[in-house]
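Trainee: One structure, pasted below without further comment.
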């Protein structure tokens, strides 16, 4: 167990390190550094920028270092929680990210939780009632989840809610709560706004999970031990939940570690469409305005979030379920 | 997905034919039985034909602006007119435009006095087909009037034509992106599966890395880093490469898994004893033996590329106008305002859903057909 923990942990750290490299590349890729932009802006506003000032600024932001040096410097700052300055907002990146990060985590975890909460019973039901009307209905839902891009689903819901109920399902807070400090009323208000985003973000993952749950339970139900148990007169419900379900649930539970990256990934676009106060819209705006420090940091943060979440859920699973523990130890 | 249909008892000549069929012929026999996959395959063929001949099929050019007809709702094609008389030739009514002085919205009503019958092979916008020859004949259209089956956009451009032109971009990006994934997947998966050892370890870790990161933020970051002054063709290829770079991992897994199970087979040993080089063993003997699995994974990978491009372009980070793709078209439907008033702007989404579903059905059909045990 400890060896697994260490191995998985080392891999996670390497992943995070690789992510920071990519994040740094994304910051560096667009031509011109942000200082050039800054100087251009100063000159545009009529200020005279002499060589000495430029050199000073260059040193101050570490732009005189080699690419590797710049990366290490940036990484060091990142570890210390100093994410640099957003050029577009002229504010520290950490200040901009703060609350949005918390909301991103909340929404992702809730979506994950609800996906499983819905997928497991629906998958079981579909398998037990194979080829029934509801089974077909859920199959259709499954294909929709597969083919309907979640931002399109968001747009459609937006349109339906607006035309049918005359409600705009955008944002996460009612207007009177947007700039309020946290309070019980604000949390309740948020909970009221949550269903639509959770539904949209969760559809794809849930649909996939239902398919897997249904498929693996169907495989289990065909096995001989089920027939034996039935022949011995075991109550159908007890039989179902005592053996096949517990076996069939394994593949979807162990998929939790790659569900989270997908949810986090999809949430970015949905958040843009539904205008959620999460990291997604901030990332898009940063990318469109070439505010690369902010964009790079957000990408790194989002990824670390997903990787860390996957790591924790993996560890918890291995701790709970010896089968997964042995499976991973072999693989 | 498909029910395993048992082959009907085969007798005489047909039996002989069955046993002599090649693998491809057997697959085709089984695939034909999968009705949904056949229908989906047919639809995709239609899409690609439309993409190839779009200049003729589309009634207008994608950039022709009808300044008199901004945000026209889709026009209904009719065979029965307002008096109940049946017309043998389908027609559309002319349009009357009013300006609502309160909301400053344009309101279009049908003018029952003006009838534009639909005609085949009408002359209209001039185009240059495949950069080779000029023409002005369009498959269908109306003379002296306008016909917008899907309405028009904010600049008065015909959305039906634009959607057809978008097929060309959106569906080809799927193919090229998959081709990039295919090359990378075969190469890296092949090395990983055949050589094993350190290269395998490294490539496996890269794959795990790619699976454990949220892809969309990375796609967004890479796409945003493309220089803005690039010509649209170069942006197009850059986007396909970005989609392909992150999308190859799934394919590499399939290749690796298959190679590992196949490399211990006798025919590989025979080939290597006969003096075949490693490369020729991989590409001449091993790859063909699981080609069908590769084709299935490729078919199932195309939708991801299409969805990726649509998402990126929708956000404004992918392809840029004047290039027309479904994602670019959906940009106009980004806010509630335009959705509520001009719901037909969502039509490109329907194309995305239909084509993604079609690729999935074809992939499912191919998977069943390629499986010798079904």
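Chains as they are written, first to last, in the numbering used here: chain A, 148 to 478; chain B, 215 to 588.
Even for Gly, the Cβ is constructed at its ideal location relative to N, Cα and C.
Model, not experiment: these values are computed from the prediction.
What number of angstroms, rounded off, separates the C-alpha of residue 451 of chain A from the C-alpha of residue 420 of chain A?
Mentor: Straight-line Cα distance between these residues: approximately 24 Å.
Trainee: Would DSSP call residue 335 of chain B helix, strand or coil?
Mentor: Strand at residue 335 of chain B.
Trainee: Consult DSSP for residue 478 of chain A and reduce its assignment to one of helix, strand or coil.
Mentor: Here the model assigns residue 478 of chain A a pLDDT of 47, short of 50, so the residue's position is not dependable, and the following value carries that caveat. Looking at residue 478 of chain A - three-state DSSP - the assignment turns out to be coil, as it is neither helix nor strand.
Trainee: Can you give the Cα-Cα distance for residue 161 of chain A and residue 441 of chain B, rounded to whole angstroms?
Mentor: Their backbone Cα atoms lie some 30 Å apart in a straight line.
Trainee: Report the neighbours of residue 426 of chain B on chain A: residues whose CB is nearer than 8 Å to its CB, in chain order.
Mentor: Simply 162, 404, 405, 408, 453, 454, 457.
Trainee: Please work out which residues of its chain come closer than 7 Å, Cβ to Cβ, to residue 456 of chain B, disregarding the five sequence neighbours upstream and downstream, and give them in chain order.
Mentor: Answer for residue 456 of chain B: 433, 436, 437, listed in chain order.
Trainee: So within the stretch 352-413 of chain B, which uninterrupted alpha helix (DSSP H) runs reach at least 4 residues, ignoring any that extend past its ends?
Mentor: DSSP runs (the alpha helix (DSSP H)) wholly in the stretch 352-413 of chain B: 373-409.
Trainee: May I ask you to list the residues that DSSP assigns as paired with residue 292 of chain A?
Mentor: BP columns for residue 292 of chain A are empty, so no partner.
Trainee: Between which two residues does the beta strand (DSSP E) containing residue 312 of chain A stretch?
Mentor: Premise fails: residue 312 of chain A is in no beta strand (DSSP E) and is neither H nor E.
Trainee: Any beta carbon of chain B sitting closer than 8 Å to that of residue 154 of chain A?
Mentor: No, no contact with chain B.
Trainee: Using DSSP with H/G/I as helix, E/B as strand and the rest coil, what is residue 350 of chain B?
Mentor: Three-state DSSP puts residue 350 of chain B in a strand.
Trainee: Can you give me the start and stop residues for the alpha helix (DSSP H) that residue 355 of chain A sits inside?
Mentor: Residue 355 of chain A -> alpha helix (DSSP H) spans 342-368.
Trainee: Check this for me: beta carbons of residue 505 of chain B and residue 392 of chain B, under 8 Å apart or not?
Mentor: No. Outside cutoff.
Trainee: If you compare alpha carbons, which of A:283, A:157, A:217, A:206 is closest to residue 168 of chain A?
Mentor: It is A:217.
Trainee: Which same chain residues end up closer than 7 Å to residue 343 of chain B when comparing Cβ atoms and leaving out the 5 residues on each side of it in sequence?
Mentor: Cβ neighbours of residue 343 of chain B beyond the five flanking positions: 269, 349.
Trainee: Closest Cβ-Cβ distance between residue 166 of chain A and chain B: below 8 Å?
Mentor: So, interface residue.
Trainee: For residue 483 of chain B, is the classification buried or exposed, using 16 other Cβ atoms within 10 angstroms of its Cβ as the cut-off for buried?
Mentor: Residue 483 of chain B is exposed by the Cβ-count criterion.
Trainee: Any beta carbon from chain B within less than 8 Å of residue 92 of chain A's own beta carbon?
Mentor: Residue 92 of chain A lies beyond the range of chain A shown here (148 to 478); nothing can be said about it.
Trainee: Return helix, strand or coil for residue 173 of chain A, following the three-state DSSP convention.
Mentor: Helix at residue 173 of chain A.
Trainee: Mind reading off the beta-carbon distance from residue 287 of chain B to residue 374 of chain B? Whole number of angstroms is fine, and I expect it under 8 Å.
Mentor: No, residue 287 of chain B and residue 374 of chain B are not in contact; Cβ-Cβ is about 13 Å, not under 8 Å.
Trainee: Based on the DSSP secondary-structure assignment, which residues constitute the bridge partners of residue 499 of chain B?
Mentor: Note: residue 499 of chain B sits in no beta bridge, so no partner.
Trainee: Does DSSP put residue 307 of chain B in a helix, a strand or coil?
Mentor: Of the three classes helix, strand and coil, the one that applies to residue 307 of chain B here is strand, per DSSP.
Trainee: With burial defined as no fewer than 16 other Cβ atoms inside 10 Å of the residue's Cβ, what is the status of residue 408 of chain A: buried or exposed?
Mentor: Answer is buried; the Cβ neighbour count reaches 16.
Trainee: Excluding the 5 residues flanking residue 227 of chain B on each side, which residues of the same chain have their C-beta closer than 8 Å to its C-beta?
Mentor: Cβ within range, chain order: n/a, list empty.
Trainee: Classify residue 233 of chain A: buried if its beta carbon has 16 or more other beta carbons within 10 angstroms, exposed otherwise.
Mentor: The residue is buried, with at least 16 neighbouring Cβ atoms inside 10 Å.
Trainee: Starting from residue 412 of chain A, find everything on chain B with Cβ-Cβ shorter than 7 Å and list it in chain order.
Mentor: The contacting residues are 428, 429, 430, 431.
Trainee: Give me, in chain order, the residues of the same chain whose beta-carbon lies closer than 8 Å to that of residue 448 of chain A; leave out the 5 immediate sequence neighbours on both sides.
Mentor: Only 244, 248, 426 meet the Cβ criterion.
Trainee: Can you list, in chain order, the residues of the stretch 523-538 of chain B whose Cβ is nearer than 7 Å to any Cβ on chain A?
Mentor: Hits within the stretch, in order: 524, 525, 528, 529, 530, 531.
Trainee: So with CB distances below 7 Å, who are the chain B contacts of residue 296 of chain A?
Mentor: Within 7 Å Cβ-Cβ: 521, 524, 525, 566.
Trainee: Look up residue 329 of chain B in the DSSP assignment and give the residues it is bridged to.
Mentor: In DSSP, residue 329 of chain B forms a bridge with B:307.
Trainee: Leaving aside the five residues before and after residue 386 of chain A along the sequence, list all residues of the same chain whose C-beta is less than 8 Å from its C-beta, in chain order.
Mentor: The residues are 373, 376, 377.
Trainee: Find the nearest neighbour of residue 309 of chain A within the set B:553, B:567, B:560, judged by alpha-carbon distance.
Mentor: For residue 309 of chain A, the nearest C-alpha among the options comes from B:553.
Trainee: For residue 525 of chain B, which of B:340, B:466, B:540 has the nearest alpha-carbon?
Mentor: Among B:340, B:466, B:540, the Cα nearest to that of residue 525 of chain B belongs to B:540.
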